[in-house]
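Visitor:
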Amino acid sequence: MRFEKKLFLFWIGFASFALGVLRADADDKLKFFETRIRPVLVQHCFPCHSQQASTLQGSLWVDSLEGLLTGGDSGSALDLKNSSESILLSALRHQDFKMPPKGKLSDSIIRDFEIWLESGAFSPDSFKTASGPQPREIDWDSAWSHWAFKPLDDRPL
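Sequential numbering from -17 applies to the sequence shown in our numbering.
1. Closest to L42 by CA distance: which of R137, H31, S124, F104 is it?
2. What separation, rounded to the nearest whole angstrom, lies between the Cα atoms of R75 and W122?
3. At 4 residues or longer, and completely inside the segment 79 to 117: list those alpha helix (DSSP H) runs for me, N to C.
4. Confirm, please, whether the CB-CB distance from S46 to F109 is below 7 Å.
5. By Cβ distance, which residues of its chain are closer than 7 Å to V24, with the 5 residues on each side in sequence left out?
6. Select from T37, I19, E48 the residue whose C-alpha is nearest the C-alpha of F95.
7. L4 to F15, Cα distance in whole Å?
8. Suppose the cutoff is 6 Å on Cβ atoms and the five residues either side in sequence are ignored; what does the same chain contact list for S58 look like?
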């Protein structure tokens, strides 16, 4: 077998291996998010900071990565460049803010959030975009075509 062909086969094998490792890493990160991060957000944060909230607190949406990055009244909840400075971690540690207000979460849960942020806050596509109320454009042409806006018939009764 010629050297070029062996080299080509080596690179194909290496690329396949690397893609498999990357895929396994993404699967592990997804599992970590779905088993350790999202359930905590749903149980402890969504009641005040999501569409489920009767009144949104602090203008902060935590039901999407976009909402966490955009932040609320105090700024972005996540600092992906310096994760230890994230407002979310400060709140969970009961430092600057005390969230959840009913009591501090366990150290293992806080460590899970530290790991999540240190690894880049991986989240599935279903969690990436804002799920808060979106402003709707009104299609005035179809609105005015509604029967209630049509002139009355000129026929006698």
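Idealized CB from N, CA, C, for every residue including glycine.
Guide: From the atom records:
1. From the listed residues R137, H31, S124, F104, the smallest Cα separation to L42 is found for H31.
2. Taking the straight line joining both Cα atoms gives about 50 Å.
3. 89 to 100, 107 to 110
4. yes
5. none
6. Of the listed residues, the one whose Cα sits closest to F95 is I19.
7. Caution applies to L4, whose pLDDT of 41 falls short of 50 and renders its modelled position unreliable; the model cannot decide the point.
8. L51
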